[in-house]
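Visitor: What follows is a single structure, and I will ask about it in a moment.
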Amino acid sequence: MRKNQIVLVSILATVILVGAVFGVYYWFQYVRPEVEVSTKEEGIDLCAEFPKVEGEVTCQEAIQLALEKYPGIITSIRRTQAEYIDTQEIWLLKLILKEPVRANSVEYDIEVSVNRDNKEIFIYRFIERQK
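Shown next, in the form of structure tokens:
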């Protein structure tokens, strides 16, 4: 009887430990909030929170690429993984466009992704402009 209790407690402890390990892994991969810097004021370094990583597009390069293709104001930037594009490592930048995108009398700004490996830039999503 005592041996059965020890085996049962051992199995239960193993299941709890495995669940905890997977829970922590899941939190770090999918739930943990990304670092995001946001400002509309001039003179604030949006890239101060992001150290340079060897072999990757820097925060400053991502901003430059985004503004060259889509003139406007960067309101936030974060370093993350793309949800839609095979989990590529990207910079995600929100822009208030100089000339908003118009569709059916609604104006949109954009969020763009810059691939951290090869500098590819895409519109990630449209954001309805607040009036």
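Offset between the sequence shown (1-based) and my numbering: plus 482.
Here a beta-carbon is modelled for each residue, glycine too, at the ideal position from N, C-alpha and C.
As the structure is a computational prediction, the values presented were derived from the model and not from experiment.
Please report the distance separating the alpha-carbon of Thr-557 from that of Ile-545.
Guide: 11 Å
Visitor: What beta strand (DSSP E) runs, 3 residues minimum, are completely inside the stretch 533–586?
Guide: 554–563, 571–579, 583–585
Visitor: Inspect the beta-carbon positions of Leu-528 and Ile-559 and report whether they are closer than 8 Å.
Guide: yes
Visitor: Below 6 Å CB to CB, which residues in the same chain sit around Thr-521 once its five sequence neighbours on both sides are set aside?
Guide: A caution first: Thr-521 carries a pLDDT of 47, below 50, which makes its placement in the model unreliable, though a value can still be read off. Taken in chain order, the list of residues that qualify is empty.
Visitor: Between which two residues does the beta strand (DSSP E) carrying Glu-589 extend?
Guide: 588–597
Visitor: Which word fits Val-517, buried or exposed, when buried means at least 16 other C-beta atoms lie within 10 angstroms of its C-beta?
Guide: With a pLDDT of 49 at Val-517, under the threshold of 50, the modelled position of this residue cannot be trusted; read the value that follows with caution. So Val-517 counts as exposed.
Visitor: With DSSP run on the structure shown, which of helix, strand or coil describes Pro-515?
Guide: Here the model assigns Pro-515 a pLDDT of 49, short of 50, so the residue's position is not dependable, and the following value carries that caveat. Residue state, collapsed to three classes: coil.
Visitor: Beta carbon of Ala-548, beta carbon of Val-596: below 8 Å?
Guide: yes
Visitor: Residues in the same chain with beta-carbon distance under 8 Å from Ile-603, minus the five sequence neighbours each way, listed in chain order, please.
Guide: Leu-547, Ala-548, Lys-551, Val-594, Ser-595, Val-596, Asn-597
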